[in-house]
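To convert, note that position 182 of the sequence shown is 555 in this note's numbering; the numbers rise steadily by one, no gaps.
Positions of the beta carbon are idealized from the N, C-alpha and C atoms, including for glycine.
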Amino acid sequence: MRQALAGFAELLGRYNARATFPVTAAALGRHPAVLRDLLRCAPAVELAVHGHRHTDLAALSDAEQAAEIGQAMALFRANGIPFVGFRAPYLRWNDRLLAALEGAGLWYDSSQCLLWPVIDEDALAPEQREGLQLLCDFCQPRPAEAFPALPFWINNLLEIPVSLPDDELLVERLRLRDGTRLAAVWGAALELCHRRGELFVLQLHPERFPLCAGALEALLQRARGLRPSVWLASLRDVTVWWREKRALHVELTPRGAEEWEVVAEGPGRGVLLVRGTAGEVESTPWGQGYRMVSQRRFTLRAEDRPCVGISSAAPLELLQFLADQGYVLEVSDRAAGYSVYLDRDAFSPPDMLPLLEEIEAAPGPLVRWARWPGGAGSALAITGDVDALTVWDYLVRPFEG
Ligand SMILES: [Zn+2]
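As structure tokens, this is what we get:
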């Protein structure tokens, strides 16, 4: 396992990629030196808490969940391993668990999952289809055709969904052992994700790194070739950015007929995009019809206000979700005069994707922030759960409960 982790970190290093390894605290407690060495040699790697024992936390009572999380965090701290995030063993979570994580002061959770439509189910043998069904029953992934692969706030906890298929599904359930085919599946999912400007959170257990190294390298190469660029981030990086972007702000002031002064403020990593408007401002092509503007104060010509108008009946969660995507919002009960106007009094996760599609399909001019920092068009986070560090750990895992 030490070798697999070292090889994994070496490959990440060659691509300037960052990664998150969620580690079961009981395994960490038995081999802290392995993980401390890893952090010392690979500064781009972040560790996260993956439970105390590798057990189904959703099956536990409130008090048991709190005890598992508390013990795990205490072991990380006692061994001097920094952490801010969490992933549940077997991706098994419930609302009580998420509340307990938030209560424990964790910044993010990455236990919910969604499945990209990159497996040709008709081509599967019966036992492969059964394997896929078992995993879907167990982890209940949301279909990526209906939900965006994007982080979202649950109170103060950022949920960062994992993208499936992961190595477990492909290698164990579907018996795909061929590196070229693994690379093709992950590459196809990355392309779909990039087209929608979302976040691909790859799950590759380090113990399968020797088998999947070629596929991971092919994925990183493919990411490197995409435009706009793909932001390579750890889950901690994603959370820091999701917090940082709250300071992004745009003020639109009318300056004569059909002319708007734009004043943008916020962190330097924020990139301003404009579409469908003429003006004096210097810009460079970006993607999806947008152009990138490096100035923070300029004027634009547009008939209507080039932002998203939204009715005062809209719930706060909706405003938060749209602001997180970089849209410039104005609450108004007058639909007239806005490039895009949304009149909604309810919002839930199934509304996310249709709303984004509606805004992007609207023809009007728009000023917005890019969703990702530095002008990236999408993001890729490599993650790998470390359930055990030696064969011994694997053997004792079932008896820890
Ligand atoms: Zn695990």
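Beta-carbon separation of L599 and T756 under 9 Å?
Locating residue 599 in the sequence shown gives position 226, where the first residue counts as 1. Locating residue 756 in the sequence shown gives position 383, where the first residue counts as 1. For L599 and T756, no; Cβs fall outside 9 Å.
Take the Cβ of L577 as the centre, count every other Cβ of all protein chains shown within 10 Å, and call the residue buried at 16 or more, exposed below.
By one-based count along the sequence shown, residue 577 stands at place 204. Classification for L577: buried.
So, does the stretch 479-495 touch the stretch 533-549, judging by three or more C-beta pairs under 8 Å?
Flag = yes, the stretch 479-495 and the stretch 533-549 touch.
Cβ atoms of P416 and L726: under 9 Å apart, would you say?
Against the sequence shown, residue 726 aligns to sequence position 353. Against the sequence shown, residue 416 aligns to sequence position 43. Annotated as distal: L726 and P416, with beta-carbon spacing of 9 Å or more.
Top-ranked residue by Cα proximity to H622, from P514, L420, R669, T650
Counting from one through the sequence shown, the residue named residue 622 turns up at place 249. Relative to the Cα of H622, the nearest Cα in the group P514, L420, R669, T650 belongs to R669.
Where A735 sits in the DSSP three-state scheme
Locating residue 735 in the sequence shown gives position 362, where the first residue counts as 1. Three-state DSSP puts A735 in coil, outside helix and strand.
Boundaries (first-last residue) of the alpha helix (DSSP H) holding E690
The count along the sequence shown starts at 1 and reaches residue 690 at position 317. Taken as a continuous stretch (DSSP letters only), the alpha helix (DSSP H) holding E690 covers 689-697.
According to DSSP, T672 sits in a beta bridge with which residue or residues?
Translated into the one-based positions of the sequence shown, residue 672 becomes position 299. According to DSSP, T672 bridges with E634.
Could you please give the first and the last residue of the uninterrupted beta strand (DSSP E) stretch that includes P395?
For the purposes of this step, residue 395 is identified with residue 22 of the sequence shown, where counting begins at 1. P395 -> beta strand (DSSP E) spans 392-396.
I'd like to know whether the C-beta atoms of P462 and D706 end up nearer to each other than 9 Å.
Reading the sequence shown from its first residue, position 89 is the one you call residue 462. Reading the sequence shown from its first residue, position 333 is the one you call residue 706. No, these two residues do not count as a Cβ contact at 9 Å.
DSSP three-state assignment for G402, whether helix, strand or coil:
Taking the first residue of the sequence shown as 1, we reach residue 402 at position 29. G402 falls in the helix class under three-state DSSP.
Is the beta carbon of Y481 less than 9 Å from the beta carbon of P514?
The count along the sequence shown starts at 1 and reaches residue 481 at position 108. The count along the sequence shown starts at 1 and reaches residue 514 at position 141. Contact: no.
On the DSSP letters alone, give me the boundaries of the beta strand (DSSP E) that A754 sits inside.
One-based indexing of the sequence shown puts residue 754 at position 381. Its beta strand (DSSP E) spans residues 751-756.
Who are the Cβ neighbours of E653 in its own chain at under 8 Å, not counting the five residues just before and after it?
The sequence position of residue 653 within the sequence shown is 280, counting from 1. F671, T672.
Local conformation of Q661 per DSSP, three classes
Position 288 of the sequence shown, counted from the start, is the residue given in the question as residue 661. DSSP places Q661 in coil when its eight states are reduced to three.
Alpha carbon of G774 to alpha carbon of G748, nearest angstrom
Along the sequence shown, read from residue 1 onward, the residue named residue 774 stands at position 401. Along the sequence shown, read from residue 1 onward, the residue named residue 748 stands at position 375. Since pLDDT at G774 reaches only 48, below the 50 mark, its modelled position is unreliable, and the value read off the structure follows with that caveat. G774 and G748: Cα-Cα distance of roughly 46 Å.
Whose C-beta lies closer than 6 Å to the C-beta of G643 among residues of the same chain, with five residues either side of it excluded?
Your numbering for residue 643 matches position 270 in the sequence shown. Closer than 6 Å at Cβ, skipping near neighbours: L621, W742.
Residue span of the alpha helix (DSSP H) that contains F456, given as start and end
The sequence position of residue 456 within the sequence shown is 83, counting from 1. That residue, F456, is in no alpha helix (DSSP H); it is neither H nor E in DSSP.
State the beta-bridge partners of L682 as determined by DSSP.
The sequence position of residue 682 within the sequence shown is 309, counting from 1. At residue 682 the sequence reads Gly, which differs from the Leu that was named. G682 is bridged to E703, Y714.
Please list, in chain order, all residues of the same chain as S791 whose beta carbon is under 6 Å from its beta carbon, the five residues on each side excluded.
With the chain represented from 374 up to 774, any question about residue 791 goes unanswered, as that position is not in the structure.
I'd like the list of long-range same chain contacts for G402, defined as Cβ closer than 6 Å, with 5 residues on each side in sequence excluded.
What you label residue 402 is simply residue 29 of the sequence shown in a count that begins at 1. Within the same chain, G402 has close Cβ partners L448.
Might you give, ordered along the chain, the residues of its own chain that have their beta carbon closer than 7 Å to the beta carbon of E571, omitting 5 neighbours on each side?
Here residue 571 refers to the residue found at position 198 of the sequence shown. The answer, listed in chain order, is P521, A522, L523, S751.
Cβ-based neighbour list, G504, same chain, cut-off 7 Å, excluding 5 preceding and 5 following
On the sequence shown, residue 504 is found 131 positions in, with the first residue counted as 1. Within the same chain, Cβ atoms closer than 7 Å to the Cβ of G504 are found at R546, L547, the five residues on either side in sequence being excluded.
Within the structure, which residues are defined as neighbours of ligand 1 by a Cβ-heavy atom distance below 7 Å, reported in chain order?
T397, H423, H427, P462, Y463, D758, D760
Mind checking who C486 pairs with in its DSSP beta bridge?
As a working mapping, residue 486 is identified with position 113 in the sequence shown. DSSP lists V535 as partners of C486.
Please work out which residues of its chain come closer than 7 Å, Cβ to Cβ, to A382, disregarding the five sequence neighbours upstream and downstream, and give them in chain order.
Position 9 of the sequence shown, counted from the start, is the residue given in the question as residue 382. Closer than 7 Å at Cβ, skipping near neighbours: L411, C414, A415, V418.
Short of 6 Å in beta carbon distance, which residues of its chain neighbour Y388, apart from the five on each side in sequence? Order them along the chain.
Along the sequence shown, one-based indexing puts residue 388 at 15. Hits under 6 Å: L593.
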